[in-house]
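For the protein sequence lines, the chains are A and B, in the order given.
Take the working numbering: the last position of the first sequence gets the number 538, and nothing is skipped along the way.
Take the working numbering: the last position of the second sequence gets the number 1189, and nothing is skipped along the way.
Think of the CB as a built atom: it goes at the ideal place given N, C-alpha and C, for glycine as much as any other residue.
Okay, structure first, notes after.
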Amino acid sequence: VKPECERYEAIVDAGGPADQSAADFATTHLAGCPECRVLEGALAAVALRAGDADHFPLDELARRRTVDAVLREARELQVEQQQPTRPRRWATLALAVAAGLALIIGAPLLLRQSQTQAPTPAPAIASAPKSDAPKVTPPAPVAPMLAQVRLVAGRDERSPGLEIAEGTPIQTRAATLGLTVTDHAWVRALPGAEFTFLSLRRNEISIELRSGHLDVQVPRGRGIDLQVRTPHGLVKVIGTAFSLNATRAKTRLAVAEGTVLVEAGGRQVRVSSGFALALGAARPSTVSKSELASLKESLAQEKLVGDGSGRLSVTAGRQLSIDSVGLGSAPVKLMVSMGAHSVTRLDGRGRPQRSTAEVVSGRESVVSDRTKTVARADEPQPADPGPRASPSISITPVPVDPPLQTATESAEQLLQQAQKARTQRDWPGAARAYSAIIEHHEMSAAAEVARLSLGQLKVDQLGEPNQGHALCATYIERNPSGALVAEAELCQIRAFASLGEHANELRAIDSFLSRWPTDFNAARLARRKAVLQPPSPQ
Amino acid sequence: VHEGDSTLVAAAARGDEQARRELVNRLLGRVRSTVMYLASRSPDVDDMTQRSLIEVLGACGTYRGESTVEAWADRITTRTVMRLIKRSRLSEAREQGVDEVPEYPEWSRDIQNPAEVSDQRRAMATLLARLPEERREAMVLKHVHGYSVEEIAAATQTKVNTVRDRLRVARAELRTWLNEAPDGGDRET
């Protein structure tokens, strides 16, 4: 950092110039130092001013949900704080767990041995006498929470957003349901599952699985005690992901991540990642590689990760389209509205797989039901994504060719239309507005600005670098000393780069650097030039 | 004394549900913005926002009306988020993670277009996330919340010269990044 820049920063840190000479210095320095101007511009953008505090706005639904969640949690916290010390239900088991610690640690080892040895009963832990357990005062009732349906795949009367209270029996029949509790615990119920949330308390969730298949995922470090009771035993989560399949004869548990504690027939066994346990069967069993891989895949799935404002990152390995908009196969960042979207991806044989994604603000949303691969002839195929000019793609539906009232609209109104379209990333709409300005207000100054803006759009967003270059050339020709000539030349350089015309690009960079050697872009252009320039002969 | 704010916060402290809702609605955007600038790399931005707002509600009884409710909430939010960041070892993730600037905006203070300003803010949130925690905290307090160097020193229990040093080094880093193309080629121009 140059000494003058440091002096300028010191003035900023001091809260402004102390005297007239400092003020003069700051003004002069800022005018002549592009680096400081850039830094100042960037820092000014992040300043939270009164009335302008929403730099990353949420949509109305997400906003309402957040406010409701905050008020609900704050209320629960208040209730908890007003209660006498609330002992964890695990406290009653503490002595038993301590007594059997050695056996618990050895449990995975025993399970491993069971692969090669004769059937071995699961290690037993004697229950602690009840008289030794600390006397606890029953806690005051805490307001129950609700489980929320986040995803429905298949035919079902429930829809995403439905809230389910504790004690409500749930039968999935032909559909797969994805539910969240406390926004952190994720439960996926496959078709044919019958279960009930026995308890939906903050940080304490209890599920009764009567039959069928559940995948459960509880993140570590959230302090959530989740337990699933089946006809054959009780499975307690210690921060993990696992699946349970309950039938009349047995319950099969497979653990994908972390560890779970299983209680059955007065015994406790800790089952680690990569292992399975059959409750009600003769002996513990291990998970096959394919079962584990399938479980991990179903739990991990392809995720759409939102940042709270509808921007999503999709790690797509295959051709992917959302709401019939093709996105190609490369990782992309895109903008979608909150709510349900149809997702189609091509499988290894090129057949479209359809699924539904529920996009929820700030939370990961899971694409599911990937097994439905039947493609009917009348179903639309995913569109060819084609080349993309930008890694950001908006798939917010845009009306096709909306009517543009050009005859009566002023250049200013059309510019506003263009600005609005740009804000919504509606590039074709913005291009139409700019074209209308050029066509209907040819002699106005706005037409010149529109010409350059249209050129930039064509180069940067619309994949038409030839036309963009021509528009910029016209701008320069008509405004040889115009305020935006440098911008137009930069746009031409980008057009050459898009077209792969590196010799022309190099010449344009040389020309730019000779005319504006101190421009903010000069350093980057010089680096680009070094890349493009063939090494000189020794 | 900010009387209107004091009345609102006092009502919220008494448990008045309408006042609490009004307070959360009023502060949500600001708190979320602060969280984004302090922890844009975290997957728990919304969680941090909610926890910060819960902290604000829990601290209503301590509001004395000596500053605006926004400035008071800024302090609580910064403290909460920095605590959560340290707890979740975000600094380690910072060293290992990918930190592409999402968009490549023009860095000009003359930009008025909301979409471009939004791009600038997102890109700056990403660049701020590259800074070590202490420098990031100082930069956010100084340039996002408008604290003086002395106020930052008091809020972070650090010496004034240390704060100056953190700001100086952070800005030098930002200067370098702001003059770099994020993808090294495609956007050279």
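Cβ of residue i within 9 Å of any chain A Cβ
i                  : result
threonine 1080(B)  : no
lysine 1142(B)     : yes
asparagine 1161(B) : no
valine 1149(B)     : yes
aspartate 1005(B)  : no
glutamate 1070(B)  : yes
arginine 1009(B)   : Note on identity: in this sequence residue 1009(B) is valine, with arginine being the wrong assignment. Judged by the 9 Å Cβ criterion, valine 1009(B) is not in contact with chain A.
tyrosine 1037(B)   : yes
arginine 1014(B)   : no
glycine 1065(B)    : no
glycine 1061(B)    : no
isoleucine 1054(B) : yes
threonine 1158(B)  : no
leucine 1131(B)    : no
glutamate 1017(B)  : yes
arginine 1135(B)   : no
Three-state secondary structure (DSSP) of residue i
i                    : result
proline 169(A)       : strand
phenylalanine 195(A) : strand
glutamine 533(A)     : coil
arginine 229(A)      : strand
isoleucine 224(A)    : coil
serine 390(A)        : Only weak support is given to the placement of serine 390(A): the predicted model assigns it a pLDDT of 25, under 50, and the value that follows is read from those uncertain coordinates. In the structure shown, serine 390(A) sits in coil (DSSP, three-state: anything other than H, G, I, E or B).
tryptophan 186(A)    : strand
glutamate 9(A)       : helix
arginine 528(A)      : helix
glycine 482(A)       : coil
glutamine 419(A)     : helix
arginine 425(A)      : coil
glycine 1065(B)      : coil
threonine 176(A)     : strand
glycine 212(A)       : strand
serine 1190(B)       : Residue 1190(B) lies beyond the stretch modelled for chain B, which goes from 1001 to 1189, so this question has no answer here.
Residue-level contact to chain B via CB, residue i, 9 Å cutoff
i                : result
alanine 69(A)    : yes
histidine 55(A)  : yes
valine 262(A)    : no
arginine 233(A)  : One detail in the question is off: residue 233(A) reads as glycine in this sequence, not arginine. Glycine 233(A) does not count as touching chain B.
alanine 74(A)    : yes
threonine 28(A)  : no
threonine 518(A) : no
arginine 63(A)   : yes
glutamate 9(A)   : yes
aspartate 225(A) : no
aspartate 13(A)  : yes
glutamine 78(A)  : yes
glutamate 4(A)   : no
Minimum C-alpha distance to residue i - residue among the options
i                 : options                                        : result
serine 1148(B)    : Asp68(A), Ser21(A), Thr230(A), Asp13(A)        : Asp13(A)
proline 191(A)    : Arg155(A), Glu204(A), Val218(A), Leu200(A)     : Arg155(A)
glutamate 1070(B) : Arg1083(B), Thr1080(B), Arg1171(B), Arg1030(B) : Arg1030(B)
serine 410(A)     : Gln424(A), Arg422(A), Asp426(A), Ala445(A)     : Ala445(A)
glutamine 1120(B) : Gly41(A), Arg210(A), Ala62(A)                  : Gly41(A)
valine 46(A)      : Ala1013(B), Gly1146(B), Val1160(B), Val1081(B) : Gly1146(B)
proline 34(A)     : Ala23(A), Tyr8(A), Gln417(A), Phe56(A)         : Tyr8(A)
alanine 1125(B)   : Ala1012(B), Ile1085(B), Arg1014(B), Ala1039(B) : Ala1039(B)
leucine 499(A)    : Ile438(A), Ile509(A), His469(A)                : His469(A)
lysine 236(A)     : Gln217(A), Trp427(A), Val260(A), Arg65(A)      : Val260(A)
aspartate 1074(B) : Ala1129(B), Leu1028(B), Ile1085(B)             : Leu1028(B)
arginine 158(A)   : Leu146(A), Thr176(A), Ala508(A), Glu166(A)     : Thr176(A)
valine 1140(B)    : Glu1150(B), Leu1128(B), Glu1151(B)             : Leu1128(B)
Below-9 Å beta-carbon distance, residue i vs any chain E residue
i            : result
valine 46(A) : Looking at the structure shown, chain E is missing, and the protein chains on hand are A and B.
Residue i Cβ short of 8 Å to the ligand COA heavy atom set
i              : result
serine 1042(B) : Within the structure as shown, the ligand COA is missing, as the structure has no ligands at all.
Taking any Cβ of chain A, which residues in the stretch 1019 to 1033 of chain B have a Cβ under 8 Å from it, in chain order?
Residues of the stretch 1019 to 1033 of chain B with a C-beta atom less than 8 Å from some C-beta of chain A are Arg1020, Arg1021, Val1024, Asn1025, Leu1028, Gly1029, Arg1030, Arg1032, Ser1033, listed in chain order.
So, does the stretch 480 to 498 of chain A touch the stretch 455 to 463 of chain A, judging by three or more C-beta pairs under 8 Å?
In short, these stretches touch, since the Cβ pair count reaches three.
Taking 8 Å as the threshold, find out whether the stretch 1058 to 1075 of chain B comes into contact with the stretch 1023 to 1035 of chain B through three or more Cβ pairs.
Short answer: they touch.
Touch check for the stretch 1149 to 1165 of chain B and the stretch 1123 to 1138 of chain B: three-plus C-beta pairs under 8 Å?
The way I'd put it, the stretch 1149 to 1165 of chain B does touch the stretch 1123 to 1138 of chain B; three or more beta-carbon pairs between them come closer than 8 Å.
Does the stretch 464 to 475 of chain A come close enough to the stretch 493 to 500 of chain A to have 3 or more Cβ pairs within less than 8 Å?
Here the stretch 464 to 475 of chain A makes contact with the stretch 493 to 500 of chain A; the two share three or more CB pairs at distances below 8 Å.
For the 8 Å Cβ check, are there 3 or more pairs between the stretch 1038 to 1051 of chain B and the stretch 516 to 531 of chain A?
By the C-beta criterion, the stretch 1038 to 1051 of chain B is judged not to be in contact with the stretch 516 to 531 of chain A, since fewer than 3 inter-stretch pairs fall below 8 Å.
Would you call the stretch 506 to 523 of chain A and the stretch 469 to 477 of chain A in contact, with 3 or more CB pairs under 8 Å?
In short, these stretches do not touch, since the Cβ pair count stays below three.
Within 8 Å of chain B by C-beta, residues of the stretch 20 to 50 of chain A in sequence order:
Answer set for the stretch 20 to 50 of chain A: Glu35, Arg37, Val38, Leu39, Glu40, Gly41, Ala42, Leu43, Ala44, Ala45, Val46, Ala47, Leu48, Ala50.
Positions along the stretch 162 to 180 of chain A whose CB lies within less than 7 Å of some CB in chain B
Listed in sequence order: no entries.
Give, in chain order, every residue of the stretch 1163 to 1178 of chain B whose Cβ lies closer than 7 Å to some Cβ of chain A.
Under the 7 Å Cβ criterion, the stretch 1163 to 1178 of chain B contributes Arg1164, Leu1167, Arg1168, Arg1171, Ala1172, Leu1174, Arg1175, Leu1178.
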